[in-house]
Structures are given as structure tokens and as C-alpha cells.
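**Student:**
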Amino acid sequence: MLTFDEVVQSPDNLMGVKAVWGVSQEAVMCFSTRGRAEGVAERSLSQKFFVTIGAGSDVPSELDGHVLELVKVTGVYGETKAFVQDSVLKSKLMQWPFAIVTSETYDITGHPHLINDLGFPDRRILTNAFDGVKRDDERILELWEKIKNHAIQHKTEILPPPGFLDTGKVKYCSSLYPRLTITSREGEKVWKLSLEVERSRELKRAVKEANKLQNGGILTCAGCGYSDEVDGMFDAHHLQPVSCGERESTLDDLVVLCPTCHRWVHVKGQDKLAPLPIPKLREIKGLPPI
């Protein structure tokens, strides 16, 4: 089980909170003005994480006042249309024409309610957080104490745009985002690093043991459901593109695949640096979501 404090490490690393109308569908956080997005991008250089809380006129009642996600942001910001892939979502987000790219998204298990579950006396932590990321030191420290040991789940299906490159610097994009190609020197370096992660004996052993525990002692492919007791019939696949920035890989970043599915995700993706997401693989194979 991954906990909030294992990822964030310290309350000093929290940029603050942001009011949102729902959970993430793609790796962006949107704002009404360029200045708002730029401010968050600049702050991301020293404080990369913030917490989203359901609030506002568009939020469903079942999410209103609930702590939803922990997100890690990059310094890349610009026009929302440059980053969002889905046309329906892009249309919905046009009222917030500027966005920053997020590199990691974690679901906060159970989506605890600020007042009913966490015991906050009111919702003042959300003051001025509706079109920006707000940090009130006193309330952020209180939030940290209340959720630092809370379980979170890495949402590996929420990925930055294909081939996205996080340079670790603040960068504005209009219609095109910074992209890494497999033919470049940096692209080749990232590809080799990805393979090193997948081949790590310690990580492979750990992710396969976790897979066995979830499947009655038998290894099972997350792509097609094939099962076998023989360890050598399966690979460990890294879900998070290494090009999204420096980070330490955990069990949540890997999944067990049979060799056929492992080849599928790398060959059927846009390129080697943008493998096919597991939900998309299962959709192509006519299988239900996990």
C-alpha cells in the first residue's frame, strides 16, 4: 500500500490545493488565464505537488467537498488545446483555455470529505483555490497531518501526451508541446533507461509477487488475462514514461504482461517512448477494464 507521505515526503513539497469539478481524465490542470497557469508552472520548480478537492458549480454532489487526487506537475504550460487528446474533453475544457501538464496522478483512496471525514470545521482551505493553487500554511499543515498516512493509488492510465518531454524548466507552449523522439540522442537515452527499469531484478521480483498475491498464487497477464505458474512466461512492463521527469519507480509503476501483450504495447503505441496504455490494449482485445 502506497501512502500520501511516501510520495510527497514533506508538507513543504505541497504547493497547496485546487478546487476541481471532477477527477482527472487526462494529464492536465486547467486555468482561465495564462498568468494563473504560468504562476503554477513557476512554483512547480520548488513545490511539485498539490491536492485537488471537489468544489464549484459544476461538481457532482457526490464529489463536492471531497479530497480527490494528489497530482505532480511539470513546468510546461500553455494552451489547453495543445495538451488534451480527447475531442469531447477538449471541448468541455475550452472555458479554461490555459493548462499545465501533470506528470503523475494519484487517487486518494475513498475520497474523504473535508468536514465529515477529515474533521475540518469549514471549507476555508478552498478560499481563492477555484482558479489557482492556494496554499494557506496553517490549513495545509492541518491537511498534511490528516492525510499523510492515507492510502493512495497511482493512476497509471493518466499519462502526459505521447512523447511528452519534461525538461525540468518552465516552458510555454501554444499549439505544440515539447516532444521527445526515439531517433534523438536524448530519446535513445530515455529508451535505454526504460529498459533498465523493466529489467531490474528487484522490481521484477516484487511486482510478480504482488501479482501472485492478487491472483491466488498464479501469475496473470494484465493485458489478456493469461495465467501460468511459471515466472519466465511473464515480463514486467513500466507504465510511466521515463521522459516525464526524474522519479523513483515503485510497484505501482509496473505491471505484469505476457510476452505477446508486452510486444503489443510497445509496437502498437505511437512510438517506443509512448507505449499503448493497458486499458487501450484491453479495449482493442475486446476485454473489459480491470
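The sequence shown runs contiguously to residue 290 in UniProt numbering.
Just so it is clear, CB atoms sit at the ideal spot from N, CA and C, and this is done for glycine as well.
At 4 residues or longer, and completely inside the region 208-280: list those alpha helix (DSSP H) runs for me, N to C.
**Tutor:** 259-267
**Student:** Please list the terminal residues of the continuous alpha helix (DSSP H) segment that includes ILE100.
**Tutor:** First-last for ILE100: 98-108, but that is the beta strand (DSSP E), not the alpha helix (DSSP H).
**Student:** Between LEU118 and LYS81, is the Cβ-Cβ spacing less than 9 Å?
**Tutor:** no
**Student:** Quick one: grab the DSSP three-state call for LEU93.
**Tutor:** helix
**Student:** Decide if residue 294 is buried, meaning its Cβ has at least 16 other Cβ atoms within 10 Å, or exposed.
**Tutor:** In the structure as shown, the chain starts at 1 and stops at 290, and residue 294 therefore has no counterpart that could be examined.
**Student:** Which first and last residues belong to the beta strand (DSSP E) in which VAL51 is found?
**Tutor:** Looking at the DSSP string, the run of the beta strand (DSSP E) that includes VAL51 is 49-54.
**Student:** Going by CA-CA distance only, name the one from LEU143, ALA99, ASP231, GLU104 that's closest to TYR172.
**Tutor:** Taking only the C-alpha atoms, the option nearest TYR172 is ALA99.
**Student:** Does the distance from the C-beta atom of ALA129 to that of VAL17 stay below 9 Å?
**Tutor:** The Cβ-Cβ distance between ALA129 and VAL17 falls below 9 Å.
**Student:** Between which two residues does the beta strand (DSSP E) holding ALA19 run?
**Tutor:** 14-20
**Student:** Tell me the DSSP bridge mates of HIS66?
**Tutor:** HIS113
**Student:** Give the range of the beta strand (DSSP E) segment to which VAL28 is assigned.
**Tutor:** 28-31
**Student:** Within this structure, are the beta carbons of MET15 and LYS48 separated by less than 9 Å?
**Tutor:** yes
**Student:** What is the residue span of the alpha helix (DSSP H) that LYS146 lies within?
**Tutor:** 137-147
**Student:** Any contact of the region 93-107 with the region 24-33, i.e. 3+ C-beta pairs under 8 Å?
**Tutor:** yes
**Student:** State the Cα-Cα distance for the pair GLU283 and PRO289, rounded to the nearest angstrom.
**Tutor:** 8 Å
**Student:** Less than 9 Å separating the beta-carbons of VAL265 and HIS237?
**Tutor:** yes
**Student:** Identify the residues that DSSP records as bridge partners of LEU2: which are they?
**Tutor:** ILE152
**Student:** What does the alpha-carbon distance come out to for the pair LEU180 and PHE164?
**Tutor:** Low confidence applies here, because LEU180 scores a pLDDT of 48, under 50, leaving its location unreliable and the question unanswered by this model.
**Student:** Can you tell me whether ILE115 is buried or exposed? The criterion is at least 16 other CB atoms within 10 Å of its CB, across all chains shown.
**Tutor:** So ILE115 ends up on the exposed side.
**Student:** What residue does the alpha helix (DSSP H) around LYS81 start on, and which one ends it?
**Tutor:** Run containing LYS81: 80-83, per the alpha helix (DSSP H) assignment.
**Student:** If you draw a straight line from the alpha carbon of GLU38 to that of THR109, how long is it in whole angstroms?
**Tutor:** 30 Å
**Student:** Can you tell me the Cα-Cα spacing of PRO60 and LYS285, whole angstroms?
**Tutor:** 33 Å
**Student:** Excluding the 5 residues flanking THR183 on each side, which residues of the same chain have their C-beta closer than 6 Å to its C-beta?
**Tutor:** Here the model assigns THR183 a pLDDT of 48, short of 50, so the residue's position is not dependable, and the following value carries that caveat. Answer for THR183: no residue qualifies.
**Student:** Going by other Cβ atoms of all chains shown within 10 Å of its Cβ, with 16 needed for buried, is PRO121 buried or exposed?
**Tutor:** exposed
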